[in-house]
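**Student:**
Chains as they are written, first to last, in my numbering: chain B, 33 to 324; chain G, 428 to 952.
1) Cβ of residue 318 of chain B less than 8 Å from any chain G Cβ?
2) Just the Cα atoms here: how many angstroms apart are residue 759 of chain G and residue 116 of chain B?
3) Does the distance from the CB of residue 764 of chain G to the CB of residue 713 of chain G come in under 8 Å?
4) Nearest-angstrom Cα distance between residue 479 of chain G and residue 259 of chain B?
5) Pick out the complete alpha helix (DSSP H) segments inside the stretch 924-948 of chain G, 4 residues or longer, and give them in chain order.
6) Need the endpoints of the alpha helix (DSSP H) that residue 638 of chain G sits in, please.
7) Going along the chain, which residues of the stretch 179-211 of chain B sit with their C-beta nearer than 8 Å to a C-beta in chain G?
8) Looking only at its own chain, which residues have a Cβ that is under 6 Å from the Cβ of residue 572 of chain G, when we skip the five neighbours before and after it?
9) Please name the residue, chosen from G/807, G/536 and G/438, that lies closest to residue 828 of chain G on a Cα-to-Cα basis.
10) Is it true that the stretch 194-210 of chain B meets the stretch 76-89 of chain B, where meeting means three or more beta-carbon pairs spaced less than 8 Å apart?
11) I'd like the list of long-range same chain contacts for residue 148 of chain B, defined as Cβ closer than 8 Å, with 5 residues on each side in sequence excluded.
12) Could you tell me the distance, in whole angstroms, from the CA atom of residue 101 of chain B to the CA atom of residue 218 of chain B?
13) Report yes if the CB atom of residue 272 of chain B is closer than 8 Å to the CB atom of residue 51 of chain B, and no otherwise.
14) So, at 7 Å on beta carbons, what are the nonlocal neighbours of residue 462 of chain G in its own chain, with the 5 sequence-adjacent residues on each side left out?
15) Rounded to a whole number of angstroms, what is the C-alpha to C-alpha distance between residue 221 of chain B and residue 841 of chain G?
16) Let me see if you follow: with CB-CB separation under 8 Å, is residue 577 of chain G close to chain B or not?
17) Taking its Cβ as the centre, do 16 or more other Cβ atoms sit within 10 Å of residue 702 of chain G, making it buried, or is it exposed?
18) Does DSSP put residue 611 of chain G in a helix, in a strand, or in coil?
19) Since residue 903 of chain G is in the alpha helix (DSSP H), which residue starts that stretch and which ends it?
20) Would you report the Cα separation of residue 603 of chain G and residue 192 of chain B, rounded to the nearest angstrom?
21) When the Cα atoms are used, what is the spatial distance from residue 644 of chain G to residue 249 of chain B?
22) Which first and last residues belong to the beta strand (DSSP E) in which residue 763 of chain G is found?
23) Go ahead and pull the three-state DSSP assignment for residue 312 of chain B.
24) Compute the beta-carbon to beta-carbon distance between residue 874 of chain G and residue 835 of chain G, rounded to the nearest angstrom, for a pair I have assumed lies under 8 Å.
25) By how many angstroms is the C-alpha of residue 146 of chain B removed from the C-alpha of residue 275 of chain B?
26) Taking the continuous alpha helix (DSSP H) assigned at residue 790 of chain G, which residues delimit it?
27) Do residue 162 of chain B and residue 41 of chain B have their CB atoms nearer than 8 Å?
28) Quick one, which of G/708, G/724 and G/718 has its alpha-carbon nearest residue 734 of chain G's?
29) So is residue 840 of chain G in contact with chain B if we call contact Cβ pairs under 8 Å?
30) Say whether chain B places a C-beta atom closer than 8 Å to the C-beta of residue 541 of chain G.
31) I need the DSSP call for residue 447 of chain G, collapsed to helix, strand or coil.
32) Report the three-state DSSP secondary structure of residue 800 of chain G (helix, strand or coil).
33) What residues in the stretch 504-516 of chain G bring their beta carbon closer than 9 Å to a beta carbon of chain B?
34) I'd like the list of long-range same chain contacts for residue 477 of chain G, defined as Cβ closer than 6 Å, with 5 residues on each side in sequence excluded.
35) Just checking my contact of residue 67 of chain B with residue 242 of chain B at CB under 8 Å: how many whole Å lie between their CB atoms?
And the structure:
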């Protein structure tokens with residue numbers, strides 16, 4: 033396959049995992065904004081575990097658990113303590129990013145970092161995580177729109193009071209969605225050292241976490257459009273790097289800007305109908321006497 | 428209340444000693460409530476009496492601090508709506524709890540397992556049995572209020588409720604829809620279930636209930652058989668001691684606060700006489716609000732002529748352009764057409780000009796459009812009068828505070844102090860703040876939109892009294908209300924808003940609720 037296509041498909045993987053995690057949490061009403069930090073945490077944990085155990089799979093799994101812990105904190109603080117989602121999310125962004133740096137320095141220190149072996153190619157020069165990313169998107173779409181459980185999750189993110197009145201466990205749903213969502217984000221981050229660099233670096237995420245938030249909006253919080261959108265975001269990512277290295281006659285900053293610009297245009301023109309979960313970023317209080 | 432005989436069937440529902448406090452406020456104080464099988468049971472009381480709170484406890488939305496619940500003779504613990512549904516309780520809330528972007532069918536089955544269930548067939552069967560016609564594939568956001576209510580009832584029936592609670596179900600319905608609802612309630616009871624009807628309208632309970640329980644201030648007052656009571660008796664128990672009259676809405680009005688209950692005795696009222704345009708101080712011609720080039724106008728070519736001291740009632744089902752009409756008539760929204768007040772054209776002029784001309788607006792959504800919830804009462808009362816209170820750009824807070832103290836006294840605003848944030852007050856007291864601000868400006872045109880929604884009886888009576896007094900003093904009043912009874916209680920003339928157009932124009936004396944109901948639903952427009 034064409035080198036650009038392979039690079040783009042590979043670059044899609046972290047976008048897919050992180051944006052689908054954002055979508056999953058958001059569909060239950062939890063707006064996670066700690067992607068950038070959670071990806072870095074996933075990268076550090078994934079790298080270190082892979083290095084010491086010698087298995088990329090173990091690295092991905094442990095990274096997912098690390099992300100899940102932070103997702104649990106976010107879900108608990110916003111669901112049971114009803115703290116402001118944005119404030120908690122930003123705090124967790126700093127905390128998870130700092131934890132990543134700290135872990136790396138504790139284990140590796142100032143030494144030259146050893147490289148981990150890249151993920152093996154499975155088909156057409158692509159690794160298994162590419163297939164996993166597509167399978168995850170399809171599975172999420174099927175689960176959200178074809179199952180009772182998926183409909184319940186969507187109802188919690190749209191109108192938790194209505195869901196609660198029908199006996200749907202709103203708090204538990206938010207806890208699960210917030211935790212799994214953050215785990216996916218960390219897995220997306222763990223993919224970076226395993227494919228691109230072979231080593232961890234503090235700048236490895238390079239804004240992809242923030243882009244994933246834009247991607248969730250770009251995809252209208254729907255797994256199928258997020259998958260499509262991630263191809264576009266990844267292509268821009270690859271182009272920007274090409275522009276930086278070889279020079280395409282345009283400033284690479286201009287290419288880097290395109291995903292944001294596209295998200296803005298999509299939100300202004302294409303998606304004027306309600307495509308953001310109705311309760312996104314808000315906290316539910318059953319006994320609140322103020323009707324929303 | 429009597430204890431059941433040993434051989435008699437146990438009551439369907441027995442709640443005993445239910446107590447619930449919200450912070451320092453005791454919302455329910457040892458309430459007992461019993462519903463027999465196959466019964467429509469009215470739960471009657473003013474707003475703030477605790478009716479909805481009691482039923483929210485039964486439905487598991489509020490957890491009670493004390494008390495026991497027994498269903499079919501079996502004690503149950505209800506900690507969440509899930510428990511309530513399992514125990515056979517269904518509740519239709521006043522503000523519908525629906526997921527707007529879901530279809531009717533999705534809303535109905537949400538939270539249940541659909542494996543092996545033919546949902547459309549089951550919905551059709553329930554619709555036919557109980558006279559609740561719906562289109563299962565329609566998105567609920569696109570449906571009118573009456574249909575959305577049917578969806579709510581279907582949700583409860585689909586889950587096999589044997590006790591259905593309806594919280595103020597008639598609020599936004601036309602008389603025809605109310606009749607259909609009562610018919611469905613009868614069909615439900617005929618199938619062996621029971622219905623609890625929460626309402627503050629005595630006439631409704633007398634029309635449809637077998638038995639009623641009256642609550643006041645969070646306490647149980649009485650449980651009475653419909654056959655052995657009267658509207659006056661119920662009203663007396665709802666209000667307490669004071670002598671009272673029941674107004675046109677079947678809402679009791681205490682004489683002590685209400686003053687006149689017959690508005691026709693008001694001096695200066697023009698009554699049934701059709702308004703002569705030459706006598707009108709407010710003349711509206713062709714007022715139109717557009718929603719965009721390709722869409723139908725939200726308010727279409729409205730004409731109004733209003734004399735000083737006249738109260739024009741505009742009835743209608745919610746969502747027919749009331750908000751847009753109210754905002755158009757008060758200068759909150761760009762419009763085309765003409766609005767002349769005392770010879771001055773106001774369309775296209777800045778808001779300050781409208782305020783100076785004496786146009787005052789009491790909006791429907793008082794928390795959102797009426798106040799700054801975080802600002803204190805004094806600041807909220809200053810809003811809109813700030814230009815008059817300022818000298819060289821500096822506000823005269825000394826005068827503002829003394830004005831606020833006077834307003835709190837005159838309008839009986841219950842608050843710890845004038846420095847209390849407005850959002851912390853109860854709905855009734857927020858409305859009193861808004862009215863104090865409105866009347867403080869000496870309005871020449873007063874527009875009220877659903878001014879008593881959610882208010883208790885005393886506050887409602889207070890609002891009616893102030894409006895009648897303002898009209899008697901020469902203020903022209905436009906009352907837009909989705910409560911037809913309220914329109915008939917206050918207005919000299921009644922018109923109906925349907926799809927953004929004003930239709931009909933009848934003097935109150937010859938107004939027939941059913942004829943108005945036909946206009947409200949667009950029949951015979």
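Just so you know, even glycine gets a beta-carbon here, dropped at the ideal spot from N, CA and C.
Values in this document were obtained by computation on a predicted structure and should not be read as measured data.
**Tutor:** In short:
1) Residue contact check for residue 318 of chain B against chain G: a CB pair falls below 8 Å.
2) Their Cα atoms are separated by approximately 33 Å.
3) Contact: yes.
4) Within the model, the alpha-carbon separation for residue 479 of chain G versus residue 259 of chain B is close to 46 Å.
5) Counting whole runs of 4 or more residues, the stretch 924-948 of chain G contains the alpha helix (DSSP H) stretches 940-947.
6) Counted as a single uninterrupted DSSP element, the stretch harbouring residue 638 of chain G is not any alpha helix (DSSP H) but the beta strand (DSSP E) occupying residues 638-643.
7) So the list reads 180, 183, 184, 186, 187, 190, 191, 193, 194, 195, 196, 197, 198, 199, 200 and 201, given in the order they occur along the chain.
8) Correct list, in chain order: 599 and 745.
9) Ranking the options by Cα distance to residue 828 of chain G, first place goes to G/807.
10) Result no; under three Cβ-Cβ pairs closer than 8 Å.
11) 79, 82, 83, 88, 91, 225, 226, 230 and 231.
12) Cα to Cα, residue 101 of chain B sits roughly 10 Å from residue 218 of chain B.
13) Not closer than 8 Å, so no.
14) 438, 439, 440, 468, 590, 621 and 623.
15) Going by the C-alpha atoms only, they are around 56 Å apart.
16) It does not: the Cβ of residue 577 of chain G has no partner Cβ on chain B nearer than 8 Å.
17) Per-residue confidence for residue 702 of chain G stands at a pLDDT of 46, beneath the threshold of 50, marking its modelled position as unreliable; no derived number is given.
18) In the displayed model, residue 611 of chain G falls within a helix according to three-state DSSP.
19) For residue 903 of chain G, there is no enclosing alpha helix (DSSP H); the residue is part of the beta strand (DSSP E) that begins and ends at 903-907.
20) Answer to the nearest angstrom: the Cα atoms are 33 Å apart.
21) Cα to Cα, residue 644 of chain G sits roughly 48 Å from residue 249 of chain B.
22) Per DSSP, the unbroken beta strand (DSSP E) holding residue 763 of chain G starts and ends at 763-768.
23) In the three-state reduction of the DSSP assignment, residue 312 of chain B falls in the coil class, being assigned neither a helical nor a strand state.
24) The C-beta separation of residue 874 of chain G from residue 835 of chain G comes to about 24 Å, leaving the pair out of contact by the 8 Å criterion.
25) Distance between the alpha carbons of residue 275 of chain B and residue 146 of chain B is about 29 Å.
26) Counting along the chain, residue 790 of chain G falls outside any alpha helix (DSSP H), and DSSP gives it neither H nor E.
27) Yes, Cβ-Cβ distance for residue 162 of chain B and residue 41 of chain B is below 8 Å.
28) The alpha carbon of residue 734 of chain G has as its nearest neighbour, out of G/708, G/724 and G/718, the alpha carbon of G/708.
29) No Cβ of chain B is located within less than 8 Å of the beta carbon of residue 840 of chain G.
30) For residue 541 of chain G, the nearest CB of chain B lies under 8 Å from its own CB, placing it at the interface with that chain.
31) Correct three-state label for residue 447 of chain G: strand.
32) Coil at residue 800 of chain G, not helix or strand.
33) Listed by position along the chain: 507, 508, 509, 510, 511, 512 and 513.
34) Cβ contact annotation for residue 477 of chain G (same chain, cutoff 6 Å, sequence separation greater than five): 454, 455, 642 and 645, in chain order.
35) Rounded to whole angstroms, the Cβ separation of residue 67 of chain B and residue 242 of chain B is 7 Å, and the two are in contact under 8 Å.
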